[in-house]
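One structure below.
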Amino acid sequence: MTITITAFERSPDRGRGLARDMGVRWALEEVGQPYDVRLLSFEAMKEPAHLALHPFGQIPTYEEGDLALFESGAIVFHIAEHHPGLLPDDAKARARAITWIFAALSTMEQPIVDREMAAYMERDKSWYGEHLPMLDDRVRNRLDQLSRRLGDADWLDGGFSAGDLLMVTVLRRLEGSGMLDEYPNLTAYVARGEARPAYKRAFAAQLAVFTAASTG
Ligand SMILES: N[C@@H](CCC(=O)N[C@@H](CS)C(=O)NCC(=O)O)C(=O)O
12 MTITITAFER
22 SPDRGRGLAR
32 DMGVRWALEE
42 VGQPYDVRLL
52 SFEAMKEPAH
62 LALHPFGQIP
72 TYEEGDLALF
82 ESGAIVFHIA
92 EHHPGLLPDD
102 AKARARAITW
112 IFAALSTMEQ
122 PIVDREMAAY
132 MERDKSWYGE
142 HLPMLDDRVR
152 NRLDQLSRRL
162 GDADWLDGGF
172 SAGDLLMVTV
182 LRRLEGSGML
192 DEYPNLTAYV
202 ARGEARPAYK
212 RAFAAQLAVF
222 TAASTG
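12 is the number of the first residue of the sequence shown in the numbering used here; add one for each residue after it.
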């Protein structure tokens, strides 16, 4: 059955793989599942046709036959549940890998996105200089804890899983902040994710969309 996802027609990240379709593309590449992409403008994302798929008017969405999903975490989880390779077979190991999916998208992503949003929206405000160190501390606290847990392991719990895929995707949002550089094991962890052939294919595919939109 054909899978169609949605992505930005012209991604604000300029094709650096930070838009949330990246994790979905990566998961589909990991399991060897071909997919189509429907590109959307910001305006089209707020129109009724897209709102019927995504109540918040965002990307990505995922359509497969009569199934329509939104939320990148739910989509990656769905892909991992229906194809081998992203979740272990052992029930307990599987539950732990799923736990890392939630940890990536709630515990880790939240302070990282709060910091990112402040940089976009508060940079010119008088309180930004005081607020930023607080936001940095919250991110650092989570990075400290994650770094301690990962230790010198390659992945968070045994073999590479959907939990690692989403954790690497989330940590990449810190690119350019210098914060990840303080944690050599997390830097190496992200690099291991980025070195996976499936990651490279997904990254190239989303970059090609931005390049085409910029040169076309
Ligand atoms: N929690 C959602 C976040 C989705 C999200 O923030 N999408 C962004 C792109 S990365 C978006 O569509 N932004 C445009 C908008 O909100 O208008 C997910 O993981 O899918």
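C-beta atoms are modelled at their ideal positions from N, C-alpha and C, and glycine is treated no differently.
Spatially closest choice to residue i from the options, by CA coordinates
i	options	result
G76	Y46, M56 and G68	Y46
H65	G34, D155 and I16	I16
N152	L80, I123, G187 and M132	I123
E186	R21, P23, S22 and L29	L29
E120	H89, A209 and L157	L157
A108	A173, A223 and T226	A173
K211	R21, Y131 and R27	R27
Sequence-distant residues of the same chain with beta carbon closer than 7 Å to residue i, five excluded per side
i	result
V201	V179, L182, R183 and L191
G34	S83, V87, L176, L177 and T180
Same chain only: Cβ atoms within 8 Å of residue i, ignoring 5 sequence neighbours per side
i	result
L161	L167, N196, L197 and Y200
D32	I16, T17, A18, F19, V48, I70, P71, S83 and Q217
Coil, strand or helix - residue i by DSSP
i	result
E127	helix
T17	strand
L182	helix
R160	helix
L98	coil
F81	strand
V42	coil
R212	helix
M190	coil
R105	helix
M12	coil
Cutoff 6 Å; reference residue i; Cβ partners in own chain excluding five residues on either side
i	result
L154	Y194
A115	L177, M178 and V181
Could you pull out every unbroken alpha helix (DSSP H) segment of at least 4 residues lying fully inside the stretch 46–77, listed in chain order?
-> 53–56 and 59–62
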